[in-house]
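Asks: So the numbering used here is basically just the index in the sequence shown, starting at one, shifted up by 2. Note that CB positions come from ideal geometry on N, CA and C, so glycine has one too.
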Amino acid sequence: MSDIYIQRKHSTDLATARSAANQVAEQISSHYGVAYHWDNDTLHFDHPGVAGTIEVSADEILLSAELGLLLRIFKSSIEAEIHRQLDETFG
């Protein structure tokens, strides 16, 4: 089971949603060194202490993340930042 699971509807088309998810991944990668790659419409990310996916579909984003023991302490602040990024990116 995931430590963080966020399901968010969006009103953009699939290509726009995928591009927006990629922009968020690029920002996170540049700030925190998180590695990521795409497999079809699923973005996989990995960093010591966190790993997960962002699945992009025509009408929603599904984020699932497993936090390492040390990052679980910061779960609420990490989850709040994810929601902020999604609000900023998808409205």
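(1) Taking only three categories from DSSP, how would you classify H12?
(2) My output table needs one value for S59: the three-state DSSP class, helix, strand or coil.
(3) Please name the residue in W40, V58, L73, A37 whose C-alpha comes closest to that of I8.
(4) State the DSSP-derived secondary structure class of F76, mapped to helix, strand or coil.
(5) Cβ atoms of D5 and R74: under 8 Å apart, would you say?
Replies: Taking the coordinates as given:
(1) In the structure shown, H12 sits in coil (DSSP, three-state: anything other than H, G, I, E or B).
(2) Coil at S59, not helix or strand.
(3) V58
(4) coil
(5) yes
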